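S.K.:
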Amino acid sequence: MREKRRASFEYGHYGNYTTVVAEEKISALEGAESTILMASGMCVSTVLLIESYTLLCRSLSVHRWDISNASQPEGLNS
């Protein structure tokens with residue numbers, strides 16, 4: 000999913016024209032839906048940890064709901 004960015008560009012740390020063009024070219028070369036360039040490996044590590052934690056929390060939440068709403072298997076009804 001592509002982020003919505005402004006049509007005008009300011010040459011700061013994020014979203015400048017050079018970065019956008021580089022992301023588009025890398026996406027085209029890799030056949031990817033989108034690409035995000037980050038300033039450092041530490042930035043990438045932080046984003047991956049936060050995303051992994053978010054996915055884990057969602058997974059545990061869904062799993063708890065499935066267990067609490069599960070019906071008893073047939074043959075165990077009293």
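Numbering-wise, the sequence shown is residues 0 to 77 according to numbering that gives the first Met the number 0. The beta carbon of each residue, even a glycine, is placed where N, CA and C say it ideally should be. Values in this document were obtained by computation on a predicted structure and should not be read as measured data.
Output needed for valine 46: all residues of its chain with C-beta closer than 8 Å, excluding positions within five of it in sequence on either side, in chain order.
M.R.: These residues qualify, in order along the chain: Met37.
S.K.: Distance check for leucine 48 and serine 58, CA to CA, integer angstroms please.
M.R.: Roughly 15 Å separates the two Cα atoms.
S.K.: Tell me the DSSP secondary structure of isoleucine 35 in three-state form.
M.R.: Coil, per DSSP.
S.K.: On a CA-only basis, which of Leu28, Ile35, Ser60 and Glu29 is nearest valine 19? Give me that one, please.
M.R.: Among Leu28, Ile35, Ser60 and Glu29, the Cα nearest to that of valine 19 is on Ile35.
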